[in-house]
Amino acid sequence: MYLGRVVGSVWATVKNPAMTGCRMLVVQPLTPELRNTGKRLICMDCTGAGAGELVYWVRGKEASFPFRPQEPPVDTTIVGIVDEVHVKRTLPVQAKAPAPVHRKSSRKS
382 MYLGRVVGSV
392 WATVKNPAMT
402 GCRMLVVQPL
412 TPELRNTGKR
422 LICMDCTGAG
432 AGELVYWVRG
442 KEASFPFRPQ
452 EPPVDTTIVG
462 IVDEVHVKRT
472 LPVQAKAPAP
482 VHRKSSRKS
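Reading the sequence shown from the start, the letters are residues 382 to 490 in this note's numbering.
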């Protein structure tokens, strides 16, 4: 599953009969930190998502499963509306600084 934000909708007067009554929305894919990533895409909607909402979507054969028994020819479908996102990233391990080098002074006292 992938995160995205609904940024628009699509109307089509001519489409596959299996898609009749299904909504199509424009989705901007997002990273877990909610930054834009990749190109916008068209997703079928089985949740009733609206403009500006944070959603999660699937791609591939599974995209047609929410519309059973019909199997519309879709590649991406919104399957959920996201309420909150909590991301805990661990900081990368930093290399230890080299130990200080102690040298004997060449000075005579």
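Each residue gets a CB set at the ideal place from its N, CA and C atoms; glycine is no exception.
For S504, collect the residues of the same chain with a Cβ closer than 7 angstroms to its Cβ; drop the 5 residues on either side in sequence, then sort them by chain order.
-> No information on residue 504 is available, as it lies outside the stretch 382 to 490 that the chain covers here.
If you draw a straight line from the alpha carbon of G402 to that of P450, how long is it in whole angstroms?
-> 14 angstroms
If you compare alpha carbons, which of K420, G419, V408, E414 is closest to Y437?
-> V408
Just the C-alpha distance for I423 and A430, rounded to the nearest angstrom, thanks.
-> I423 and A430: Cα-Cα distance of roughly 13 angstroms.
Is it the case that the Cβ atoms of M425 and M405 are separated by a distance below 8 angstroms?
-> yes
Name, in chain order, the residues that DSSP records as bridge partners for V387.
-> DSSP output for V387 lists V408 as bridge partner(s).
First and last residue of the uninterrupted beta strand (DSSP E) at G433 | G433 -> no beta strand (DSSP E), and no H or E assigned at all.
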